[in-house]
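*Asks:*
Protein chains: 2
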Amino acid sequence: MDVGSREQGAPDRRCRADRARQAADVIRRQVVGRAFPDGVLPDELVLAAEFGVSRNALREALDLLREEGLIDRVPGVGTVVVGEKYPHGLDRLMGLAEVLHEHGEVTNDIRAAGPIRPPSSVARRLRLADGEHVVYVERLRRLNGLPLSLDLTYLAMDVGLPLLDEDLRHRDIFSLIEQTSGRRLGTAAVTLEAVNADLHASTVLEVPRGAALLVVERLSHFADGRPVDLEFIRLRGDRLTMSTVLNRVGSVAAGSGA
Amino acid sequence: MDVGSREQGAPDRRCRADRARQAADVIRRQVVGRAFPDGVLPDELVLAAEFGVSRNALREALDLLREEGLIDRVPGVGTVVVGEKYPHGLDRLMGLAEVLHEHGEVTNDIRAAGPIRPPSSVARRLRLADGEHVVYVERLRRLNGLPLSLDLTYLAMDVGLPLLDEDLRHRDIFSLIEQTSGRRLGTAAVTLEAVNADLHASTVLEVPRGAALLVVERLSHFADGRPVDLEFIRLRGDRLTMSTVLNRVGSVAAGSGA
Chain A
2 MDVGSREQGA
12 PDRRCRADRA
22 RQAADVIRRQ
32 VVGRAFPDGV
42 LPDELVLAAE
52 FGVSRNALRE
62 ALDLLREEGL
72 IDRVPGVGTV
82 VVGEKYPHGL
92 DRLMGLAEVL
102 HEHGEVTNDI
112 RAAGPIRPPS
122 SVARRLRLAD
132 GEHVVYVERL
142 RRLNGLPLSL
152 DLTYLAMDVG
162 LPLLDEDLRH
172 RDIFSLIEQT
182 SGRRLGTAAV
192 TLEAVNADLH
202 ASTVLEVPRG
212 AALLVVERLS
222 HFADGRPVDL
232 EFIRLRGDRL
242 TMSTVLNRVG
252 SVAAGSGA
Chain B
2 MDVGSREQGA
12 PDRRCRADRA
22 RQAADVIRRQ
32 VVGRAFPDGV
42 LPDELVLAAE
52 FGVSRNALRE
62 ALDLLREEGL
72 IDRVPGVGTV
82 VVGEKYPHGL
92 DRLMGLAEVL
102 HEHGEVTNDI
112 RAAGPIRPPS
122 SVARRLRLAD
132 GEHVVYVERL
142 RRLNGLPLSL
152 DLTYLAMDVG
162 LPLLDEDLRH
172 RDIFSLIEQT
182 SGRRLGTAAV
192 TLEAVNADLH
202 ASTVLEVPRG
212 AALLVVERLS
222 HFADGRPVDL
232 EFIRLRGDRL
242 TMSTVLNRVG
252 SVAAGSGA
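Protein sequences, first through last, are from chains A and B. Sequential numbering from 2 applies to the first sequence in our numbering. Sequential numbering from 2 applies to the second sequence in our numbering.
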């Protein structure tokens, strides 16, 4: 096969914006993966050579990551990492405080907590009879004071009411459910979307209007299959990543070992 | 426990924006889940009663979903669904055409395809020796002509070179790898982020500048554990969702059956 004849598709013929994006994607992963231990990126000329791009394309790549709030230029120092991203595993069903305990203290501002009549589609997902109420809990969740996520939670009444007397400010709802019910949670169905922050959500989460958020819907079940906890979660895209391992073969996804 | 005394946390005391968001989250899932078979939402008064909010709060909720490009108002008809979201399973390692075959035809604009010298962090992830080249493939992927994702792919040389003679325009890279190598893919490590589209990416993907994108990094391995395919994927947040099932207990995630 003559690769040289594929002039049109040759990766070195693309426009600067394409080359900048290609470099930015790799550097983003390095930043998130803490590949620069002192938080300072190599010199632009070194990076440009590393990625085989012009200095202008490399600067465009760094501009993209600066717009994302990951890096910044500091005169006399160079390009430094300014935004940390925290990993939220998609491998197991875990609460935020469980996941992030090594990164600091998770606290929750309780914006609402009490019984409501749920909309019918929420009632259906929780397999409730017509007219049954749920406990609604709305929390702004912080890591070391920094707002990370806004969680809207609908709980089956028997599961949710005991939680209202517990320490919702410092505890994950998952662990409180298991403690107060004496039962284990089993599986959760999770759906992820990327959505731009509206004005009010951006104010609450302290991000610019329109900032990219991960929106997660998560329906958690007791081990016996009964759905008890339906959550709508807005996660700051500039501060959280989600990871998992997928299997090519079979219907069972892989664990976190690969 | 006296729920009535929790005035501050009472869900019915919150501001309109909070109530609007709460309603919007539930309606968004109904739209994505095709809960409105004729594509027309119920009357505003019906929805307001359903969600226990004022008509103004309900309108604010619909405004949020209109900004996301999911619904629109049509005079004389009402509020209609205008944006379809396609489900991309996170349960199994599958190519886009495999995942979306029931929704239509996936075609790929090949923006680049050929050997390059990879940046060192890419070489390390593919476990390549210093100086080894990779095959780089850049594709704009469309479903029925609509741009859905921009994929930047680095392939080990022995795996990637044979693909350059294949039908990259109509086939998933996963299935081409398995066909040309005669080997099966095993697991993939996946990381998801939400990122705002830069000017150039927004032009390519035909979304507004700043639109929320899902950015996926995926490192796929042969069944023997050798990493062969590293991809950086930008997915349109307004057109794709990703779903999976998580397990509370143990290190092995659940399948898609729950």
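Glycine included, every Cβ here is placed at the ideal spot set by N, Cα and C. All values derive from a computational prediction rather than experimental measurement.
According to DSSP, is B:Pro148 helix, strand or coil?
*Replies:* Looking at B:Pro148 - three-state DSSP - the assignment turns out to be strand.
*Asks:* Residues of the segment 105-137 of chain A with a CB closer than 8 Å to any CB of chain B: list them in chain order, please.
*Replies:* Within the segment 105-137 of chain A, the qualifying residues are Ile111, Arg112, Ala113, Ala114, Gly115, Pro116, Ile117, Arg118, Pro120, Ser121, Ser122, Val123, Tyr137.
*Asks:* Looking only at DSSP bridge pairs, what is A:Leu220 linked to?
*Replies:* Paired residue(s): A:Ala190, A:Leu231.
*Asks:* Quick one, which of A:Ile234, A:Ser122, A:Leu186, A:Gly77 has its alpha-carbon nearest A:Phe175's?
*Replies:* Checked all of A:Ile234, A:Ser122, A:Leu186, A:Gly77; the closest Cα to A:Phe175 is A:Leu186.
*Asks:* Compute the Euclidean distance between the alpha carbons of B:Leu247 and A:Val123, then round it to the nearest angstrom.
*Replies:* Their Cα atoms are separated by approximately 20 Å.
*Asks:* The segment 226-239 of chain A: which residues have C-beta closer than 7 Å to a C-beta of chain B, in chain order?
*Replies:* Cβ contacts with chain B come from Phe233, Gly238.
*Asks:* Given that a residue counts as buried once 16 or more other Cβ atoms are within 10 Å of its Cβ, and exposed if not, what is B:Pro12?
*Replies:* Buried, since its Cβ has 16 or more Cβ neighbours within 10 Å.
*Asks:* Measure from the alpha carbon of B:Val191 to the alpha carbon of each residue in B:Glu218, B:Glu99, B:Ile117, B:Thr204, then state which is nearest.
*Replies:* Checked all of B:Glu218, B:Glu99, B:Ile117, B:Thr204; the closest Cα to B:Val191 is B:Glu218.
*Asks:* Taking the alpha carbon of B:Val208 as the reference point, which residue from B:Arg235, B:Leu165, B:Leu153 has its own alpha carbon closest?
*Replies:* Comparing Cα positions, the closest option is B:Arg235.
*Asks:* Might you give, ordered along the chain, the residues of its own chain that have their beta carbon closer than 6 Å to the beta carbon of B:Gly40, omitting 5 neighbours on each side?
*Replies:* If we look at B:Gly40 and ignore the five residues flanking it on each side, its Cβ neighbours are Val81, Val82.
*Asks:* Where does B:Ala50 fall in DSSP's three states?
*Replies:* Three-state result, B:Ala50: helix.
*Asks:* Check the C-beta distance from B:Arg22 over to B:Leu65 and give it rounded, since I have them as a contact under 8 Å.
*Replies:* Correct: roughly 7 Å between the Cβ atoms.
*Asks:* Candidates A:Pro88, A:Thr188, A:Ala130, A:Ser121: which alpha carbon is nearest A:Leu144's?
*Replies:* Comparing Cα-Cα distances from A:Leu144 to each of A:Pro88, A:Thr188, A:Ala130, A:Ser121, the minimum goes to A:Pro88.
*Asks:* Residues in the same chain with beta-carbon distance under 6 Å from B:Arg184, minus the five sequence neighbours each way, listed in chain order, please.
*Replies:* Hits under 6 Å: Phe223.
*Asks:* So the candidates are A:Val100, A:Gly90, A:Glu106, A:Leu215; which of them puts its Cα closest to the Cα of A:Leu147?
*Replies:* Checked all of A:Val100, A:Gly90, A:Glu106, A:Leu215; the closest Cα to A:Leu147 is A:Glu106.
*Asks:* Taking A:Met266 as the reference, give the member of A:Val250, A:Thr245, A:Arg249 with the closest Cα.
*Replies:* Nothing about residue 266 of chain A can be read from this structure; chain A reaches only from 2 to 259.
*Asks:* Does the distance from the C-beta atom of B:Asn109 to that of B:Arg170 stay below 9 Å?
*Replies:* Yes. Within cutoff.
*Asks:* Would a check of beta-carbon distances place A:Arg56 closer than 9 Å to chain B?
*Replies:* Cβ-Cβ to chain B under 9 Å: no for A:Arg56.
*Asks:* Could you tell me the alpha carbon to alpha carbon distance between B:Glu68 and B:Ala49, rounded to whole angstroms?
*Replies:* Using only the alpha carbons, I get a separation of about 19 Å.
*Asks:* Can you name, in chain order, every residue of its own chain whose Cβ lies under 7 Å from the Cβ of B:Ala25, other than the five neighbours on each side?
*Replies:* Closer than 7 Å at the Cβ level, and outside the excluded window around B:Ala25, lie Ala62, Leu65, Leu66.
*Asks:* Mind pulling the chain C residues with CB within less than 7 Å of B:Val27?
*Replies:* Of the protein chains in this structure, namely A and B, none is chain C.
*Asks:* Sort B:Ile117, B:Glu167, B:Tyr137 by Cα distance to B:Leu231 and report the nearest one.
*Replies:* Selected option, being the one with the closest Cα: B:Tyr137.
*Asks:* Are the Cβ atoms of A:Asp160 and A:Lys86 separated by less than 9 Å?
*Replies:* The amino acid occupying residue 160 of chain A in the given sequence is Val; Asp does not appear at that position. Contact flag unset, no.
*Asks:* Give the single residue among B:Met158, B:Arg30, B:Asp19 whose Cα lies nearest to the Cα of A:Leu262.
*Replies:* Residue 262 of chain A lies beyond the residue range present for chain A, which begins at 2 and ends at 259; the question has no answer from this structure.
*Asks:* Decide if A:Arg20 is buried, meaning its Cβ has at least 16 other Cβ atoms within 10 Å, or exposed.
*Replies:* Buried is the call here.
*Asks:* Expressed to the nearest angstrom, what Euclidean distance is found between the alpha-carbon atoms of B:Glu194 and A:Leu241?
*Replies:* The alpha-carbon atoms of B:Glu194 and A:Leu241 are separated by roughly 7 Å.
*Asks:* Are the beta-carbon atoms belonging to A:Ile178 and A:Leu156 less than 9 Å from one another?
*Replies:* Contact flag set, yes.
*Asks:* Quick check: is the beta carbon of B:Ala157 nearer than 9 Å to any beta carbon in chain A?
*Replies:* No - not a single Cβ of chain A is within 9 Å of the one on B:Ala157.
*Asks:* Out of A:Gly115, A:Ala198, A:Val205, A:Ala202, which one is the CA nearest neighbour of A:Gly211?
*Replies:* Answer by Cα proximity: A:Ala198.
*Asks:* Whole angstroms is fine: what's the gap from A:Met158's alpha carbon to A:Pro116's?
*Replies:* One C-alpha to the other measures close to 8 Å.
*Asks:* What are the complete alpha helix (DSSP H) segments, minimum 4 residues, inside the segment 35-94 of chain B?
*Replies:* You should have 45-52, 56-68.
*Asks:* Within its chain, find whatever has a CB closer than 7 Å to the CB of B:Asp173; leave out the 5 residues flanking it on each side and keep chain order.
*Replies:* So the qualifying residues of the chain are Gly96, Leu97, Ala98, Glu99.
*Asks:* Which residues in chain B have a C-beta closer than 7 Å to the C-beta of A:Phe52? List them in chain order.
*Replies:* Those are Pro120, listed as they occur along chain B.
*Asks:* Which class does B:Asp110 belong to by DSSP, given the choice of helix, strand or coil?
*Replies:* Reduced to three states, the DSSP call for B:Asp110 is strand.
*Asks:* Give the interface partners of B:Glu218 over in chain A, defined as CB-CB distance under 8 Å, in chain order.
*Replies:* The contacting residues are Asp26, Arg30.
*Asks:* How would you call A:Ser6, buried or exposed, if buried means at least 16 neighbouring beta carbons within 10 angstroms?
*Replies:* Low confidence applies here, because A:Ser6 scores a pLDDT of 39, under 50, leaving its location unreliable; read the following figure in that light. It is exposed - the Cβ of A:Ser6 has fewer than 16 other Cβ atoms within 10 Å.
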